[in-house]
Structure formats: structure tokens, C-alpha cells
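Each residue of the sequence shown is one higher than the last, beginning at 5 in our numbering.
All C-beta atoms, glycine included, are put in the ideal place defined by N, C-alpha and C.
None of these values were measured; they are calculated from a predicted model.
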Amino acid sequence: MIVVPVKEGENIERALKKFKRKFEKTGVVKELRARQQFDKPSVLKRLAKEHAVYVQKMHRVED
């Protein structure tokens, strides 16, 4: 359960923003989207490799 302490006189919009940020960090929505359909382990490995190559290229461009 996510608890967001709200200080006296704090804007409700700010508290809502804190809640949304904490909720994003838990990864619940990401997990739900991933479980909507089954992906074969080989597909997941291939996607992870492609992502790793992309990240390496981006780091090389930065330097």
C-alpha cells in the first residue's frame, strides 16, 4: 500500500503528484502491460540484446 504524507496546508495537486510518482516506481502498470500477452523467452532475449546494442551505440555517440 502506498502512503503519501500530506502536510498541513499542502496543495492536493502536489500530493497527487507524489502519489503518482511513487506508483510509477512500483512498476505495477508496467507489469500489467507485460502480462497481457505471453512473449516467448527467446523473443524476450532478442529484445534485450537489441536494446543493449542500442544503448551501447548511444553511449558511443555521447563520447
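- In chain order, Ile-6, Val-8 place their CB closer than 8 Å to the CB of Lys-26, counting only its own chain and leaving out the 5 sequence neighbours on each side.
- Between Val-33 and Ala-19, the gap from beta carbon to beta carbon reaches 8 Å or more.
- Following the DSSP letters along the chain, one finds Lys-29 inside the alpha helix (DSSP H) bounded by residues 16-30.
- DSSP places Lys-44 outside any alpha helix (DSSP H), giving it a letter other than H or E.
- Under the three-state reduction of DSSP, Gln-40 is assigned to coil, being neither helix nor strand.
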